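In this note's numbering, the protein residues as written are 191 to 832.
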C-alpha cells in the first residue's frame, strides 16, 4: 500500500483537482486549507508525504515545513508555489523539503517527486528495520555471552569455594583428610531449575548433574520438582534449610542437611541459587571422633595434680581443670587474682601479665588461699598461647602445690636457725661454766668449802641447762610435742602483758590488759607459747608506732573463754594489713617491715600455736587496725597439733 499524502492549499479548486490526480495514482489523500489545519490533520493521521502550497493565510507553507520537521523529522515534504522564486526554493530546501514544484503542476514532476519521497521513506524504514535487527542480534549475542560468562564465573565460584574450604580446614590438625571425608556437595542452580555448576565432590558422589533439572538430585523428587529446596528458595526468595535424601551415582540414598541461598539480579529477582549439602552420617561419625578426642584430653587436663588455668589478655579465666574448680570455684568470667589471690587488682609481679607482655614463660612462688580458707604454697609457671595470626591471645598458668615441701624446708630452715641461735646461748653457758670451774678450783686450792659449793652449784646449773638445750634440739628435729603442764592462765597472761607494756608505753601507745580471772588453769607449754604471744603484741606496738594518720593509739590485750576454748585477743588501731599480707604473714622469711624484720617471729609463733592444737584468727584492713585471736583448747586433743 502506498504512503498517505496530505495536500495543503488555500484554493479549494486546486485541492480537488490534485486530490483526484493523486487518487488516480493510488495514493490515499488528506486535505487541509492552511498550515494550522494541516498540523491538526497530521497529528491525527501521521501521513508519510506532505504536498503544501507556500503562500497561504494563517500559516504559510515554509512555517508548516519548519514545524513539521521539528517534531517529525522523517516526514517527506514537497513544496508547491505559483511563483518560481529561487529564494523560497532555497529556504525550503534548507528546512528539509524534499522537492520544489511550481504551478501549474506537471503530472510527470509530481509523479517523480512522490516516487522519490516513497523511495526515501522505504529506505529509511529498511535502515530502521536493519538497525533494530542488528540491535536485537547484538542483544541476543550479548545475552548469550553474559550467560556463558556467568556460567564460567559460577564454576569458578564453586571451585573457589571448595578451595577456600580446603584451605580453612587444612589449618587444623588432620584437616585435609577430614575435608576429603566430610562431603560438602556444592551446586549452583539457575532460575530455570537447572544445575549449572557443581564441585568435584558433587560430581564424584552424585554423577555429572550439570545441565540436569534441579530436583533430579533428590530422592522422591526425581520425577518432578515437588517443592524441593531449590524450588522453595525461588518461590520464597530466601534461603532454606532442610533434611533431605540425595541420590548417589549408584542410586544409593545419602541423608544430608541442605542449605540454600539465593543470589539476586539488579531487578531483585532470584538469578542463581547456591546449594550446599552435608552428609549427615559422615558428620556424625567425625563429630563422635572429635568428641572422643576432646573427652580424652579433658580427662588428661582434669587428672593433672596441679592447678591449671587458661587466662585471656584481661586475665579472665577461660578454662580451668577439675582441681582448680574444686579448690577455688568455677571461673564464670572471674579474673585470676579474684579467685586465686582474693584481690581486686592484679598481683604485684604477676607472672601471667609479664608473659602476656613479652611472650616469655615466668615462674613465681607465692601463697594462695582456697575458697575454704586453706593457705597453700604454690609454684606458678606460665606459658604463652599464640593465635593464628602469631600474636599472644592467652596464657597457660600451672600452679603446683608445694605446701608439704615448703613445710619440710621451713622445718629444716627453722632447725638451722635454732642451732645458730642456740650456739650463742651455749657459748654464754660455756663461759659461765668456765667461771664455775674457776671457783671450784679456787675452793679446792684454798680448802674453802663455801667457794667450792658456790662454784659447783654454777657448774651443775650450767651443765643442766646445756643438757636441756641439746635435748630440745633433738626434740625439735624429731618434731616433738609441746611439754604441757597445768598453767594459771590469768597469771600467764599477766606475765606476758608485763613484758610488752613497757615497750608500748615507751613508744607512746596506750596498753590495756583485760584478763578474766575466772579463766582458770589450762595445759600449756609456757616456754613456747609466751614468746608467741609476745611476738603478736610487739607487732601491734610496731603497727601503732608506724601509723602517722592517727594521734592516739591503743592496744587491748585480753584473755577469756569462748565456750570450752581459751582465747587470747590482741586488738590495735595501727596501720592494718591488706589481704595479701594477711595470707602470707605466717610464711617463713615473709616480713612486712622490709629490712627491719627477719620473717621468723610470726612463723615460729604460728608453729607454737599449732602445736597446741590452736588456731589463729586474723581480722585487718589497711588503716583500720588489726585484731588477732589465738584460740587454744583447754585440753589438748591428741589428734591435733603438728
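No residue lacks a Cβ here, since even glycine has one placed at the ideal position from N, Cα and C. These numbers come from a predicted model, not from an experiment.
| Check | Outcome |
| --- | --- |
| Contacting residues, own chain, Cβ-Cβ under 7 Å from residue 846 (five flanking each side not counted) | No answer is possible for residue 846: the residues shown for the chain start at 191 and end at 832. |
| Integer Cβ distance of residue 572 from residue 545, believed to fall under 8 Å | 4 Å |
| Proximity of residue 730 and residue 798 at Cβ, strictly below 9 Å | no |
| Nearest-angstrom Cα separation, counted from residue 335 out to residue 207 | 60 Å |
| Nearest-angstrom beta carbon gap, residue 306 and residue 289 [assumed within contact, 8 Å] | 7 Å |
| Short Cβ contact (9 Å threshold) for residue 749 with residue 706 | yes |
| Nearest-angstrom Cβ-Cβ length linking residue 570 and residue 541, presumed shorter than 8 Å | 6 Å |
| Helix, strand or coil at residue 540 according to DSSP, with G and I counted as helix | coil |
| Beta carbon of residue 587 nearer than 9 Å to that of residue 501 | yes |
| Under the three-state DSSP convention, the category residue 197 falls into | strand |
| Cβ neighbours of residue 498 in the same chain (closer than 6 Å, five flanking residues each side left out) | 511 and 588 |
| Length at least 4, wholly inside the stretch 715-781: the alpha helix (DSSP H) runs in chain order | 716-736 and 769-774 |
| Nonlocal neighbours in the same chain, by C-beta distance under 7 Å from residue 737, ignoring five residues either side | 743, 764 and 765 |
| Whole-angstrom distance between residue 332 and residue 369, CA atom to CA atom | The pLDDT assigned to residue 369 is 37, lower than 50, so where the model puts this residue is not dependable, and the model offers no usable value. |
| Buried/exposed call for residue 456, threshold 16 Cβ in 10 Å | exposed |
| Through-space distance from residue 295 to residue 209, alpha-carbon basis | 13 Å |
| From 576, 463 and 496, residue whose alpha carbon lies closest to that of residue 426 | 463 |
| Those residues which DSSP pairs with residue 565 across a bridge | 559 |
| Enclosing alpha helix (DSSP H) for residue 487 [first to last residue] | 470-493 |
| Stretch pair the stretch 238-247 + the stretch 208-225: three plus CB contacts closer than 8 Å | yes |
| Straight-line gap, residue 534 to residue 560 (C-alpha atoms, nearest Å) | 16 Å |
| Neighbour-count burial assignment, residue 673, 16 or more Cβ in a 10 Å radius | exposed |
| Own chain partners of residue 242 with C-beta closer than 6 Å, once the 5 adjacent residues on each side are dropped | 198, 251 and 254 |
| Residue 310 versus residue 228 - alpha carbon distance | 22 Å |
| Residue 430 - containing beta strand (DSSP E), residue span | 430-437 |
| Buried or exposed by the 16-neighbour rule on C-beta atoms within 10 Å, applied to residue 504 | exposed |
| Other residues of its chain near residue 424: CB distance less than 8 Å, five sequence neighbours each side excluded | 381, 383, 452, 460 and 463 |
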